[in-house]
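Encoded as structure tokens, the structure appears first; notes follow it.
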Amino acid sequence: MFGSKIDLLKTEWLDVVFANKNKKYGAYELRRESSSITTRALLISATAFVLLFISPKIFSLIKGKLPEDEVVKQVEVVVAPPPPVNPETPPPPPVEPPPPKQDQVKFPPPIVKPDNEVVDKEPVQIEDLKKADPGQKTIAGDPDADIVIAGPVGDGPKQAAVVEDTKVYDFVSIETQPSFPGGMDKFYAYLKKTVRYPAMAQENNIQGKVFMSFVVEKNGALTDIKVERKLGGGTDEEAIRVLKESPRWTPGIQNGKPVRVKYNIPISFTLSN
1 MFGSKIDLLK
11 TEWLDVVFAN
21 KNKKYGAYEL
31 RRESSSITTR
41 ALLISATAFV
51 LLFISPKIFS
61 LIKGKLPEDE
71 VVKQVEVVVA
81 PPPPVNPETP
91 PPPPVEPPPP
101 KQDQVKFPPP
111 IVKPDNEVVD
121 KEPVQIEDLK
131 KADPGQKTIA
141 GDPDADIVIA
151 GPVGDGPKQA
161 AVVEDTKVYD
171 FVSIETQPSF
181 PGGMDKFYAY
191 LKKTVRYPAM
201 AQENNIQGKV
211 FMSFVVEKNG
221 ALTDIKVERK
231 LGGGTDEEAI
241 RVLKESPRWT
251 PGIQNGKPVR
261 VKYNIPISFT
271 LSN
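In full-length UniProt numbering, the protein residues as written are 1 to 273.
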């Protein structure tokens, strides 16, 4: 009997050990509930271990049940080869440059050749080069053509740049001066018919000339209208008004081309007796 193990945690032994003692003391409660606490701890530990072990499989199962539209699909893009070039298709014709402004005579650099390949030709005379530019071939010029500057050399298509003359010339320094249609007599008749004498100038007996300046554009329109010398009494504003309403002029000509020309003119305001 005494050789066998004695389990002091059994209830009957606990009662024997704690007989006539304060059972409300913590040792009695701990010993009585130690077996249940140990069992609960083992169950919780085992459950946590099992969940930790099978969680990857559960995650993979849940992921495999996602709808198909949420799965990113990879599509292989195949680029089609370019269509074959038809060898029978003729190449596009070369673009001929515009004719030069001045005549051009053929004057290529000299090339050394054997005597049997030399063809006797009349050389270009110095007098010809005074009237024309040297070039690789003879080309008749167009005096009305715009000045053309060749674009930079590169891999892309070459484009010609047209230089537009925007300079404002003085009317005394050009070949042909701008003029009113029909001449200046028609212009003064237009002024006499169009000018309205300002009431303030009439009341104050203001008479004299308003000196005006303006630019005759290439299309004959009058722009940049300014009063160079004022008279007052509303005459300056009236002079600007009649010039703005003026018909288009004949533009000035320089080197055979219409150009912008600055023009000066006085407009007289005189009260009749």
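C-beta: ideal position from N, C-alpha, C; glycine also.
Quick caveat, the model's predicted, so the values are computed rather than measured.
Is the beta carbon of I206 less than 7 Å from the beta carbon of F214? Taking the first residue of the sequence shown as position 1, residue 206 is located at position 206. Taking the first residue of the sequence shown as position 1, residue 214 is located at position 214. No; because the gap between Cβ atoms is not below 7 Å, this pair is not in contact.
Count Cβ pairs between the segment 232-240 and the segment 249-256 that sit closer than 8 Å; are there 3 or more? Too few Cβ pairs lie closer than 8 Å, so no.
Measure how close the beta-carbons of V210 and A239 come, nearest whole angstrom, since I'm counting them as under 8 Å. Here residue 210 refers to the residue found at position 210 of the sequence shown. Here residue 239 refers to the residue found at position 239 of the sequence shown. Separation of the CB atoms of V210 and A239 is rounded to 4 Å, and the pair is thereby assigned contact status at 8 Å.
Whole-angstrom distance between P56 and G3, CA atom to CA atom: Sequence index remark: in the sequence shown, residue 3 carries index 3 (1-based). Sequence index remark: in the sequence shown, residue 56 carries index 56 (1-based). Because the pLDDT of G3 is 47, which lies under 50, any placement of that residue in the model is unreliable, and the number read from its coordinates should be weighed accordingly. If you draw a straight line from the Cα of G3 to the Cα of P56, it comes to about 52 Å.
Buried or exposed: where does V216 fall if 16 or more other Cβ atoms within 10 Å of its Cβ makes it buried? Numbered from its first residue, the sequence shown carries residue 216 at position 216. The Cβ neighbour count for V216, taken over all protein chains shown within 10 Å, is at least 16; the residue is labelled buried.
When the Cα atoms are used, what is the spatial distance from R196 to D165? Reading the sequence shown from its first residue, position 196 is the one you call residue 196. Reading the sequence shown from its first residue, position 165 is the one you call residue 165. Roughly 37 Å between the two C-alpha positions.
Residues that Y188 bridges to, as DSSP identifies them: Against the sequence shown, residue 188 aligns to sequence position 188. Paired residue(s): none; Y188 is not in a bridge.
How would you label S272, buried or exposed, when you count the other beta carbons within 10 angstroms and need 16 or more for buried? In the sequence shown, the residue the question calls residue 272 occupies position 272. Label assigned to S272: exposed.
Hey, quick one: how far does the beta strand (DSSP E) through L243 stretch, first residue to last? By 1-based counting over the sequence shown, the position of residue 243 is 243. Counted as a single uninterrupted DSSP element, the stretch harbouring L243 is not any beta strand (DSSP E) but the alpha helix (DSSP H) occupying residues 235-244.
Using a Cβ-Cβ cut-off of 7 Å (strictly less than) and excluding sequence neighbours within five positions of I265, which residues of its own chain qualify? Taking the first residue of the sequence shown as 1, we reach residue 265 at position 265. Around I265: M212.
Three-state secondary structure (DSSP) at P266? By one-based count along the sequence shown, residue 266 stands at place 266. Correct three-state label for P266: strand.
If you reduce the DSSP assignment to three classes, tell me which class I44 lands in. Along the sequence shown, read from residue 1 onward, the residue named residue 44 stands at position 44. If DSSP states are grouped into helix, strand and coil, I44 belongs with the helices.
Q202: first and last residue of the uninterrupted beta strand (DSSP E) it sits in: Taking the first residue of the sequence shown as position 1, residue 202 is located at position 202. Boundaries around Q202 are those of the alpha helix (DSSP H), 199-203, since no beta strand (DSSP E) includes it.
Could you give the DSSP three-state label for residue 297: helix, strand or coil? Absent from the structure is residue 297, since the part of the chain shown begins at 1 and ends at 273.
Per the DSSP calculation, Q177 is bridged to which residue(s)? Residue mapping note: residue 177 aligns to position 177 of the sequence shown, counting from 1. In DSSP, Q177 forms no bridge with anything.
Quick test of your reading: F187 and L231, contact by CB under 8 Å. State the CB separation rounded to the nearest angstrom. Along the sequence shown, read from residue 1 onward, the residue named residue 187 stands at position 187. Along the sequence shown, read from residue 1 onward, the residue named residue 231 stands at position 231. Their Cβ separation, rounded to whole angstroms, is 19 Å, which puts F187 and L231 out of contact at 8 Å.
Specify, as a first and last residue, the run of the beta strand (DSSP E) that F211 falls within. As a working note, residue 211 is residue 211 in the sequence shown. According to the DSSP assignment, F211 belongs to the beta strand (DSSP E) that extends over 208-216.
Option in A199, E203, Q254, G220 with minimal Cα separation from V172: Translated into the one-based positions of the sequence shown, residue 172 becomes position 172. Comparing Cα-Cα distances from V172 to each of A199, E203, Q254, G220, the minimum goes to Q254.
Check for me: the beta strand (DSSP E) holding residue 361 runs from which residue to which? Since the displayed the chain opens at 1 and closes at 273, residue 361 lies outside it and no answer follows.
Please classify V195: does DSSP put it in a helix, a strand, or coil? For this step, residue 195 is matched to residue 195 along the sequence shown. Collapsing the DSSP output to three states places V195 in coil.
Same chain only: Cβ atoms within 7 Å of F180, ignoring 5 sequence neighbours per side: Numbered from its first residue, the sequence shown carries residue 180 at position 180. Taken in chain order, the residues that qualify are K186, F187, W249.
Whole angstroms are fine: how far does the CA of K244 sit from the CA of T194? Locating residue 194 in the sequence shown gives position 194, counting from the first residue. Locating residue 244 in the sequence shown gives position 244, counting from the first residue. If I take the Cα positions, the gap works out to 11 Å.
Which residues does DSSP pair with D170 in a beta bridge? For this step, residue 170 is matched to residue 170 along the sequence shown. In the DSSP secondary-structure assignment, D170 is bridged to K262.
Sorted by chain position, which residues of the same chain lie with C-beta nearer than 6 Å to A201's C-beta, five sequence neighbours on each side aside? Here residue 201 refers to the residue found at position 201 of the sequence shown. Counting only Cβ-Cβ distances below 6 Å, and skipping sequence neighbours, we find G233, G234, T235.
Pick helix, strand or coil for V85, following the three-state DSSP scheme. Mapped onto the sequence shown, residue 85 falls at position 85. Shown here, V85 sits in coil according to DSSP, grouped into three states, outside any helix or strand.
So, helix, strand or coil for V50, using DSSP? Position 50 of the sequence shown, counted from the start, is the residue given in the question as residue 50. In the structure shown, V50 sits in a helix (DSSP, three-state: H, G or I).
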